[in-house]
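Protein chains in written order, with the working numbering: chain A, 640 to 1169; chain B, 2 to 325; chain C, 53 to 350. The beta carbon of each residue, even a glycine, is placed where N, CA and C say it ideally should be. Since this is a predicted model, take the numbers as computed values, not measurements. Reading through the structure tokens given below for one structure.
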Amino acid sequence: MAIFRTILRKVIPFALVAALPIYSSLVFAQAPKRGGTLVVGSTQALRHLNGAVQSGLATAVPGTQIFASPLRFDDKWNAQPYLAEKWALAADGKSLTLNLRKGAVFHDGKPITSEDVAFSIMAIKANHPFTTMMGPVEKVETPDPHTAIIRMSVPHPAIILAMSPALCPILPKHIYGDGTDLKIHPRNSVDVVGSGPFRLTEFKAGQRVVLERFDKYFLAGKPYLDKIIININPDSSNLMLGLERGEIQMIPYATNSTELKRFASNPTLNLTNKGFEGIGALNWLAFNTAKKPMSDVNVRKAIAMTIDKNFISKALHGGFSQPADGPIVASSPFAVPDVIRYPLDLKKSAELLDAAGYKAGANGERFKLTIDYLPGQDEQQKNVAEYVRAQLKKVGVTVEVRASADFPAWAKRMATRDFDMSMDAVFNWGDPIIGVHRTYLSTNIRPIVWTNTQSYTNPKVDDLLNTAGGLLDPTKRKAYYATFQKIVTDELPIHFINGTPYHTVSNKKVLNVPTTIWGPVSPYDEVSFK
Amino acid sequence: MGTLRYLISRLFQGAALVLAVVVLNFALVHAAPGDPVETIAGASGGMSEELQAELRSRYGLDKPLPVQLGIYLRQVVSGDLGYSYFFNLPVSDMIADRVPATLLLVVTSVLAAFLIGTTLGVLSARRPNGLLSQSINVLSLVGFAAPVFWMGLLLIIFLASWVPIFPVSGMRGIESTGKGWGDVLDVVHHLVLPSLTLGLVYLAQYSRLSRAAMLDVLGADYIRTARAKGLSEGVVLYKHALRNAVLPVVTVLGLQFGNVMAGAIVVETVFNWPGLGRLAFESVLRRDYPTLLGVLFFSSLVVVVMNQVTDLCYRLIDPRIKTS
Amino acid sequence: MLQTDRPQNQNLMKIEAPVDGPWREATRLFMRNPSAIAGLVLLGFVLLVAIAGPWVMGADPFEIRAAPLTAPFSEEAILGTDYLGRDVLTTLVYGGRATLLVGAIAAILSVSIGITLGAMAGYYGGRVDAVLMRITEFFQVLPALLFAMVVVTLFSPSLVTITLAIGVVSWTGTARLTRAEFMKYRNLEFVRAERSIGASHARIIWQVILPNALPPLIVSATLAIGAAILFEAGLSFLGLGDPNQMSWGLMIGSNRQYIFSGWWAVAFPGAAIFVTVLGVSLIGDGLNDSLNPKLRER
């Protein structure tokens, strides 16, 4: 008996104390380590850091660290609180109420209020290239410093996704509201005052961006990283080497199959293709439907039938991309599998061309075409263009691949409709209203790149899209989009080839690499080092 | 005092030249197809026609060309090189930011090439058919015939990848603070491969030139006299011959500055060296006209100045030479 | 080898040698020069491959032949494939055409401009000389590569724009040389004699002085070809070449990003450029030596 008492009184407490480190480490094992500098590699130079007036990934990667937005998203398309603690879309879909959290401050210490939110949203509406995003927004009411009510002229469910970090940075009104045009505001790259987890400490134009932790960030305890350095090097082989040597720890938006293969076989690196569902990047072949012979839908179908998407994905892209069959990217909740497809069939293609009245001449040639492509992404664009040329030769169509020296030259061709067909890469940007409608609405046939440069006109499609844009019930919306996808793949103003195989490559020491739907263009406040 | 008047007249000529370069490039850039506003529109992800029109009027692009030229010249003379279309930062700031890097690269390459090349050339002149002389011949041919960018890439493969002694690109390590002796060493470490690449061409040239000039001079009468007088070989070479042999090299040095800038563009691109050359190249691709014109202006200015300096050195080294 | 320790009869021997016409003499000297012959061989080889090669091969250099970045000495591709899977050997064979064509024509252009302007400046002197010298200085101050880049980008890159751009910025060296030669010759006896019998200026320039001034100009022209080839390669490397033409510079430029995974796509095209320019330079050197025999006695 005495022995038991001794055990109870002495050994067990001792054992419990001895075991303390074990369960304390179990409890605290999840708490991320604070500190460290994350070096991110990028090949694209960025103009400045203000995502309210500038679209594109290059600005958004640092921009989403510097500026916070009302909402952020997880990897299942669910909105999460960010600057807004609560939010509610009215039953009629014509207003969105944002309840901002209290105590959030800008990098200069001034509080973030609904005035700033209202200012930012109206600034985005006035300046951002994506006109459909905040199109229906009429005004933003600010009944009190922590409530903002966005009033819209029509029901606009896309407003929720429009509150994402990459699309709705909240700017300080007291800095940007001085009357200077936001597009050329000096504070866009110098002395930037933001609302997000990191402050700007250095902007070397075309070379690098250095960010440091903002210690008064409204999510206490975060961010874990001390510093983020975005290293800009137009030569991706240098970035690759840097990653392998540990000088760089993360490269988002890597697509090249040679590099990806090399990364995949490196035991110190992690490769993931998650995090790009929001962007929804598609690689496609666009037809100029206003020009003969592309104006004939059967010619377009015949061309589509010469293209083997599986070959492109497997052989040309090293197996890293997936074929795409519709205007809405497969990872979107609105994508449907029921679309018209065009499996490889050279014989049928030739028959279609014959039937369309384009018989082969004495030398076997039916007609000539040119094909352009977006410069700078040779594996996704140029390669496919060359492949299309080789394939069309087999059905008697002679194709000349026209290379543009640089982006402005290609953009001009598209804008002035100086093309027969062209490879292109376009993003869905989350809600179809933001990135999909612009390509198919007949009202968006404008002399600018990335509008309806195909001159596609179908009043039924206009109707479907405009209606779907105003429905709140996602199931109902999906039904409309389903019909839309079927029509578009039948009328083929664009032949979809593959989803751009974006990957984030990171050193295994980096924990919590962002893989929400927005991936690298969302705040890295939860990223830490092992 | 003849020198002073000469200098001033050359100064005016130089200024006129630079302005002429600016005018030519302005005309070229604005008369060619390809609207900078369209480029900006594309770079910012698309822009409505109204916004484009607004930009055009803001940048004064809707005014007639001569008016635009006048405005631009006035600005340039007062030191204002405008704002970059792409970054919206002052062009003069961007140039000032990049000049040190290019200066470092160019001066190191040319100086090293000059010193080493001239030494090799002079040494090989003593035995014109010896091993050293033949090797220099070969080296100079290699230096001239091999494309600069190819040499650079090969050097990267050999000395930065297979045997990783040197860094692959850039002027500094990624996380460097830019301060202190550690930084100096870091920059020097990064400087080796780019300056080797850029300098090789000139090394080859200078060694040949100085060898030829040396041989030329060594055959001259006054050298025979010096030898006949019994002066040692060293004195003959270095005191008498060298001075005259250096002249052609100096001429070439100054005149070639334009070429050096061209080489710098390529080397900076290969090594991602943050200098003017790369800035110029990227501005061309982005149709960032203000920056491009600014760099053209600046580099013409430098070439003109270098020409004058060369002229001056020439006259100093050999006071017998009068202005032509 | 200084003159001082040469016996007197060396000069005697020279006088007794058979006297050929100057051109025949030059050719003889050239043919005796081993490095000049080497240059001829190299250039000849390159020309042969560039002209006859495509005809013999009959392939498409842009065609995707095998997996990207296959190593050389493999069965699919002797020299390996590039980052898109194109056969490096095919691109070597086809890439010569654009480079050589541009190089030759640009050199002809720049030399023509240079000789014309230099001859006029050197011959007429005075006002004409002053004006032409200012123009020459202007083009010399203009940053050549940058200017060519601007021209090519703005007027969209094609073989024509590249050739024009290179030709327009490269003539100043030839101009100065020509001017110096013409200034030497214009006051010589036989030229003055021509003028006194009423020969026109044009005849004197082109038919009297120029043939005599030709030797250094020929050398300069040969070197101009080499320079033009390097210039074109540089432009293509930077991505400003004609993208629809396969060229060696284009190969190097587009494979630059993969040098760590495939050095062959960069090394071989560069070696091709090197061999070509080397051949041209050796010939130029040989011409220099054979047309200026005085230097050879050293």
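Check: B/Arg287 - containing alpha helix (DSSP H), residue span; Outcome: 277-287
Check: Option in B/Ala221, B/Leu201, B/Phe282 with minimal Cα separation from A/Pro873; Outcome: B/Phe282
Check: Segment contact, 8 Å Cβ cut-off, at least three pairs: the segment 839-857 of chain A with the segment 13-22 of chain B; Outcome: no
Check: Cut-off 7 Å between Cβ atoms - residues of its own chain near C/Tyr176, not counting five sequence neighbours on either side; Outcome: none
Check: Three or more C-beta pairs below 8 Å linking the segment 1007-1020 of chain A and the segment 1060-1073 of chain A; Outcome: yes
Check: Unbroken alpha helix (DSSP H) run spanning A/Met1246, endpoints; Outcome: Residue 1246 of chain A is absent from the structure shown; chain A starts at 640 and stops at 1169.
Check: Sheet register partners of A/Tyr892 (DSSP bridge); Outcome: According to DSSP, which records beta bridges pairwise, A/Tyr892 is partnered with nothing at all.
Check: Any C-beta of chain A under 7 Å from that of B/Gln309; Outcome: no
Check: Neighbour list for C/Phe114 in chain B, Cβ cutoff strictly below 9 Å; Outcome: Per Cβ cutoff of 9 Å: no residues; C/Phe114 is ~22 Å from chain B at best.
Check: Cβ separation of A/Val692 and A/His767, assumed to be a contact under 8 Å, to the nearest whole Å; Outcome: 6 Å
Check: Contacting residues, own chain, Cβ-Cβ under 7 Å from A/Met1053 (five flanking each side not counted); Outcome: Ser1061, Val1088, Thr1092
Check: Contact list for B/Val169 against chain A, beta-carbon separation under 7 Å; Outcome: Asn877, Leu880
Check: Cβ of C/Ser252 within 7 Å of any chain B Cβ; Outcome: no
Check: Local conformation of A/Asn909 per DSSP, three classes; Outcome: strand
Check: C/Arg247 to C/Ala111 span [Cα, whole Å]; Outcome: 59 Å
Check: Sequence-distant residues of the same chain with beta carbon closer than 8 Å to C/Glu127, five excluded per side; Outcome: none
Check: Members of the segment 313-330 of chain C that neighbour chain E once the beta carbon cut-off is set at 9 Å; Outcome: Here chain E cannot be found, since the structure's protein chains are A, B and C.
Check: Unbroken beta strand (DSSP E) run spanning A/Leu581, endpoints; Outcome: This structure gives no information on residue 581 of chain A, because the portion of chain A shown stretches from 640 to 1169.
Check: Chain A contacts made by the segment 199-215 of chain C, where a contact means CB separation under 8 Å; Outcome: Val204, Thr205, Ser208, Pro209
Check: Residue from A/Lys1115, A/Thr1114, A/Thr1082, A/Leu1111 whose Cα sits closest to the Cα of A/Val1100; Outcome: A/Thr1082
Check: Check whether A/Asn912 and A/His1142 have beta carbons under 7 Å apart; Outcome: yes
Check: First and last residue of the uninterrupted alpha helix (DSSP H) at B/Ile137; Outcome: 132-146
Check: Reduced DSSP category for A/His1142 - H, G, I as helix; E, B as strand; rest coil; Outcome: strand
Check: Enclosing beta strand (DSSP E) for B/Val188 [first to last residue]; Outcome: Per DSSP, B/Val188 belongs to no beta strand (DSSP E); it is in the alpha helix (DSSP H), 181-219.
Check: Short-range partners of chain C found in the segment 265-280 of chain B, where Cβ spacing is below 8 Å; Outcome: Ile266, Val267, Thr270, Val271
Check: Neighbour-count burial assignment, B/Val24, 16 or more Cβ in a 10 Å radius; Outcome: exposed
Check: Neighbourhood of B/Val22 by C-beta distance below 6 Å, restricted to the same chain and skipping five residues each side; Outcome: Ser301
Check: Assigned secondary structure, B/Glu51 (DSSP; H/G/I helix, E/B strand, else coil); Outcome: helix
Check: Nearest candidate by alpha-carbon position, reference C/Arg267, set C/His253, C/Asn307, C/Thr226; Outcome: Inspection of the sequence shows that residue 267 of chain C is occupied by Pro rather than by Arg. Residue C/Thr226 is the option with its Cα nearest to C/Pro267.
Check: At least three beta-carbon pairs within less than 8 Å, the segment 91-110 of chain B to the segment 267-287 of chain B; Outcome: yes
Check: Residue span of the beta strand (DSSP E) that contains A/Pro1132, given as start and end; Outcome: Element bounds for A/Pro1132: n/a, residue is neither H nor E.
Check: Beta carbon proximity, B/Leu154 to chain C, threshold 7 Å; Outcome: yes
Check: Distance CB(C/Ile311)-CB(C/Gly322) smaller than 7 Å; Outcome: no
Check: Proximity to B/Ser58 [Cα-Cα], best of B/Ser141, B/Leu317, B/Val306, B/Val38; Outcome: B/Val38
Check: First through last residue of the alpha helix (DSSP H) which encompasses B/Val111; Outcome: 92-127
Check: B/Ile117 versus B/Leu204 - alpha carbon distance; Outcome: 7 Å
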